[in-house]
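Numbering (the UniProt record's numbering), first residue to last: 1 to 118.
Glycine included, C-beta positions come from ideal geometry on N, C-alpha and C.
If you're wondering where the values come from, they're calculated on a predicted model, not measured in any experiment.
Written out below as structure tokens is the structure these notes cover.
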Amino acid sequence: VFERFVEIGRVVLINSGPDAGKLCVIVDVIDQRRALVDGPSTNVKRQSMNFANVSLTTFVLPNLHHSTRSKKVREIFDSEKILEKWNQTAWAQKLVRRSVRRNLTDFDRFKVKRAKQK
């Protein structure tokens, strides 16, 4: 059973492009493949985004109507404390762990290997 639907106010994670890894909100649905997204709190400009490039999260902003202005989106996003809630999810923590491991130096990888051997 599906629990996450494309709807106005749904918080999404951008998977690819220059804003990859940032959260934004669906402000309006353009057609079957695209939506107008806005992320004023995460520095994502209002733009058309293909659904193939985003992942739907479990968060939905209440009282958001289609084509809501960026100022109002920011107010609701901040008042609902979406970023704090997002950082507590297992999904966000997994992304942080992945980026930390990706940025390890050769010596750091060696230390991890030695720690696992003990």
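Does the distance from the C-beta atom of residue i to that of residue j stay below 9 Å?
i: Ser-67; j: Asp-28; result: yes
i: Asp-38; j: Val-73; result: yes
i: Pro-62; j: Ile-76; result: yes
For the beta strand (DSSP E) that contains residue i, what are its first and last residues?
i: Leu-64; result: Segment: none, Leu-64 is in no beta strand (DSSP E) and carries neither H nor E.
i: Phe-59; result: 54-60
i: Asn-50; result: 44-50
Taking the alpha carbon of residue i as the reference point, which residue from the options has its own alpha carbon closest?
i: Leu-95; options: Ile-8, Arg-4, Phe-2, Leu-23; result: Leu-23
i: Val-44; options: Thr-57, Val-12, Pro-62, Asn-63; result: Val-12
i: Glu-3; options: Thr-89, Thr-57, Thr-42; result: Thr-57
i: Ser-55; options: Ala-92, Ser-41, Val-1; result: Ala-92
i: Asn-42; options: Trp-86, Ala-115, Ala-35, Arg-98; result: Note on identity: in this sequence residue 42 is Thr, with Asn being the wrong assignment. When only C-alpha atoms are compared, the closest one is Trp-86.
i: Arg-10; options: Phe-51, Lys-116, Gln-117; result: Phe-51
In the DSSP assignment, find the alpha helix (DSSP H) that holds residue i and state where it starts and stops.
i: Asp-108; result: 106-117
i: Ile-76; result: 70-79
i: Ala-92; result: 90-102
i: Glu-84; result: 82-87
Taking the straight line between their C-alpha atoms, what separation do you get for residue i and residue j?
i: Asp-106; j: Lys-113; result: 11 Å
i: Val-6; j: Ile-14; result: 14 Å
i: His-65; j: Gly-17; result: 27 Å
i: Asn-103; j: Gly-21; result: 16 Å
i: Arg-46; j: Ser-99; result: 26 Å
Residue ranges of each beta strand (DSSP E) within the UniProt domain "KOW" (5-32), 3 or longer:
10-14, 23-29
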